[in-house]
Structures are given as structure tokens and as C-alpha cells.
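Written below as C-alpha cells is the structure these notes are about.
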Amino acid sequence: MATQLRDIVTLRRLFYVSLSAVCAVATVALVAALVEPLRPPEDLEELSEKVAYFDAHRDEIDIIVVGSSRVYRALDPAQVEHGIIEAGCPAMQVFNFGMSGMSAPLLAKLADYIETTAKRPYLVFFEPELPLGPEFDYRVTDRSQYTNQWSTVVSGALQLAARFDGTARSLVDTGILYIEYAASFLRTGLGVGRLRDAILPTAVATQRPPNAAAIWAQDGFYSLDQELSASSGTDQTQLARRHDEVISPDGRAGLLVRLSQSKAALGHAAAANALQRAYVDYILDRTSMSKVKPAFIFMPINEPASAGRAAAMTSYIEAKHADAMVIKAGLSEMPELYRPELWFDYGHLTAAGAEDVSRFIGAQMCDQFRAQ
15 MATQLRDIVT
25 LRRLFYVSLS
35 AVCAVATVAL
45 VAALVEPLRP
55 PEDLEELSEK
65 VAYFDAHRDE
75 IDIIVVGSSR
85 VYRALDPAQV
95 EHGIIEAGCP
105 AMQVFNFGMS
115 GMSAPLLAKL
125 ADYIETTAKR
135 PYLVFFEPEL
145 PLGPEFDYRV
155 TDRSQYTNQW
165 STVVSGALQL
175 AARFDGTARS
185 LVDTGILYIE
195 YAASFLRTGL
205 GVGRLRDAIL
215 PTAVATQRPP
225 NAAAIWAQDG
235 FYSLDQELSA
245 SSGTDQTQLA
255 RRHDEVISPD
265 GRAGLLVRLS
275 QSKAALGHAA
285 AANALQRAYV
295 DYILDRTSMS
305 KVKPAFIFMP
315 INEPASAGRA
325 AAMTSYIEAK
335 HADAMVIKAG
345 LSEMPELYRP
355 ELWFDYGHLT
365 AAGAEDVSRF
375 IGAQMCDQFR
385 AQ
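Written out as C-alpha cells, the structure is:
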């Protein structure tokens, strides 16, 4: 009898401890959701400048492109606009919301911000080939504290879990992803947004990034050629080394091999795995909003594994989301991109390459507008 009583007491204690833990997590999540800012702070690298530009020009913008540095460095809005007009469509204003190191949580935050603050409908192109996890590999900055928050990460993780297909590959990939989310929460103050900053204020940098003026003047576009010319010191040395690596004889040979391997990967792409499918569905679910019409854009990629994933995602979108607008500006669509001189480094185009790609994208957009 005494043993049974102790067992009951122990189970009751376990229940109350578990309930307390759940309530504590729920309370933190609720507080975090209430204090997490919709708009990023004023000092988050190029992110702050791009949000400021969007705020100042939101009434003029028609098309927004959100993506990684492949968008940031290779999509020139002025050239896209020329391409649209040259193809016979009415003039439209384009904004480049691409960013170095773009992640799925940051993309989700930007989608929320665009929708919540929009005064008119936007056509928003999202780049599908982005890291699903949080900004875990980046140093702990205000940017990672802004993106790795409860309101974004929890909803994203739940949606990704719903797409789990039961395979061993999916189990491993999803497990790794959740470990990254957990570690990111720990590194960024348990994901409580700016509440931690209010309680424990820290000094923040207030200087504008060196390319802020260019971002402001060029609708969010800033080529690596321009940055190399405008930079100095260590930054210039590092950029010059990246470019020299491509244009040197050995670098050129290596780039030709990458381009050849990427071409093969594009031609023999496997089916999209569970997380790839989840990412596409996540974007469409997240942006099923009244003022955001989601679409997809595939930028040039010369890394074989990434090229293969992009091809698999393209096939999945065309098969399962046939009504979604898709712009493809990769090696398959633009054979001229196999010329090494159009690449600034192993992952990004030169300004000349960006001009060609941007005009091509504008013409494709016009074709899509006509087809709808």
C-alpha cells in the first residue's frame, strides 16, 4: 500500500513538474510574441537599409524579389524593368530584397513585414534554394536575434514537421534541423526577441554600412564589382582574392569543371526530398496573404549539389503547384552563363553577367504576365 502511495505521489509530482514546464514555455512564447518587433532595428547591416528603402518607396514598388546573395548581387532592378518594357509589357518597378546569407526564418520575417505593412498588393518572388534552418552559422548578432524568434521559428518548425514523410532520410534531416533551431534559441537569448535587449541593454553599432548609399540608389542591387571598387583595406583584399581565384588559369579551369558538373546535375536531378518539398509548401503557406502574391525565381547556380536541388524543386513546383509563377534564369535557360568571364567568384556573377541575367528575367516576367 505504501509503495502504491509513493508511486501515486511520484507520478503526481512528475505531472505537476511537466505542467509547470509547459506553462513556463508557453508564457515565454507569449511574452516573446508580444515584444518581438515587426520592423528590424536600425543597425542590422544591409537589412536595415533595405527595409528603410522599402518603407520610403512602398507605394511605387510593384515587384519584390527576396533571396540570397545570388539575388542581391545578380538582379539589377533597372535592367529587369528594361527587360519587361522591351518584351512589350507596361512599366513596373522592381525592388531587390536579396541579402547575403538569407535564411528561411529571415525570409519568413520579411514576408510578414511586407504583408503587414503593405498599402497595395505586391508580386513577390522568393528564391527557393535557401537554408531551411535558422541563422545558426552566423555570429550572434542583432540580425540573428531578430530572425530566430518564436513567432517565426516555432510556426516554421511545426509546418516542416507536418511534411515529414517517414523515410530515414527525412528523419535525419528533420532531426538535424531541429537541433540547429534549439542551439540557435540558446545562442540568441532563448528566442525572446528584443525583450532581452530591454532588460540587458548592450552597445550597438550605429554607423551605416559602406554600401548603404549604393543600396539606396540602386533599388537594393549592389554588384561585387562595385563593392570591390568602393572598398578598401582588408575588405578589398578579400574581394580581390575571390575574383583573382576565378580569373587565374587554375581558377578558370576549376570554374569550368564546376559549370560542367552543374550542367550534369541539372540534367539528372533526383526527386525533391521531404525538406525541399516542405520548404516550397512552407513559402506558399506562409505567404497566402491578401497583399502578397507568391512566386518563385531560380537564379544562376554553378555548385553541382545546389544546382541539383534547384532542379528537383523546379520539378516539384511545376508538378504540385502548377498555378505558381516560376522564373528560371539558370544555366539551362542561359547557355551564355557557361562563360567563366561572367562570374566574379565561384558563386556570384559579375556586373556584366548580372545585366544579362536581369534583362532575361524581365523578359520572362513579361511572358508570364501575358500567360496569366
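Oh and the sequence shown: position 165 is 179 in the numbering used here, straight run, nothing missing.
Where is the CB? At the ideal position from N, CA and C, for every residue including glycine.
Cα-Cα, which of the options is closest to residue i?
i, options, result
"residue 321", "160, 144, 57 and 55", "144"
"residue 351", "334, 359, 371 and 336", "371"
"residue 373", "132, 140 and 92", "92"
"residue 120", "100, 141 and 256", "141"
"residue 86", "268, 139 and 102", "139"
"residue 258", "128, 384, 90 and 364", "364"
"residue 68", "33, 110 and 37", "110"
"residue 112", "347, 367 and 125", "125"
"residue 52", "59, 379 and 65", "65"
"residue 236", "362, 24, 127 and 34", "362"
"residue 252", "239, 264 and 263", "239"
"residue 267", "353, 71, 27 and 305", "353"
"residue 309", "332, 165, 288 and 290", "332"
"residue 277", "358, 157, 130 and 344", "344"
"residue 147", "183, 249 and 194", "194"
"residue 265", "28, 117, 355 and 162", "355"
By the DSSP assignment, the beta strand (DSSP E) with residue i in it spans what residues?
i, result
"residue 383", "Looking at the DSSP string, residue 383 is not in any beta strand (DSSP E); the run it does join, the alpha helix (DSSP H), is 365-385."
First and last residue of the alpha helix (DSSP H) that includes residue i?
i, result
"residue 297", "288-300"
"residue 54", "Segment: none, residue 54 is in no alpha helix (DSSP H) and carries neither H nor E."
"residue 350", "Element bounds for residue 350: n/a, residue is neither H nor E."
"residue 96", "91-100"
"residue 86", "83-86"
Just verifying my parser: in three-state terms, what is the DSSP assignment at residue i?
i, result
"residue 78", "strand"
"residue 273", "helix"
"residue 220", "Bear in mind that a pLDDT of 44 at residue 220, under 50, signals an unreliable position, so the number given afterwards is only what the model happens to contain. Residue state, collapsed to three classes: coil."
I want to see whether chain C comes within less than 8 Å of residue i, judged by CB atoms only; does it?
i, result
"residue 188", "Looking for chain C here will not work: only one protein chain is present."
With a threshold of 16 other CB atoms inside 10 Å of the CB of residue i, please say whether the residue is buried or exposed.
i, result
"residue 82", "buried"
"residue 384", "exposed"
"residue 218", "At residue 218, the pLDDT of 44 sits below 50, so the modelled position is not reliable and the matter cannot be decided from this model."
"residue 100", "exposed"
"residue 6", "What is shown of the chain runs 15 to 386, which leaves residue 6 out entirely."
"residue 398", "It is not possible to answer for residue 398, since the shown part of the chain is limited to 15 through 386."
"residue 70", "exposed"
"residue 224", "Below a pLDDT of 50, predicted positions are generally treated as unreliable, and residue 224, at 48, falls in that range; the measurement from the model is reported next regardless. Looking at its Cβ environment, which holds fewer than 16 other Cβ atoms inside 10 Å, residue 224 is exposed."
"residue 172", "exposed"
"residue 349", "exposed"
"residue 271", "exposed"
Query raised in the report: Curious, which full-length alpha helix (DSSP H) runs of at least 4 residues does the region 232-269 contain?
Result: 238-244 and 247-261
Requested in this report: Please list the segments of the alpha helix (DSSP H) lying wholly inside the region 303-341, counting only runs of 4 or more residues, in order along the chain.
Outcome: 318-334
Query raised in the report: Quick one: complete alpha helix (DSSP H) runs, 4+ long, within the region 110-192?
Result: 118-131, 156-161 and 164-176
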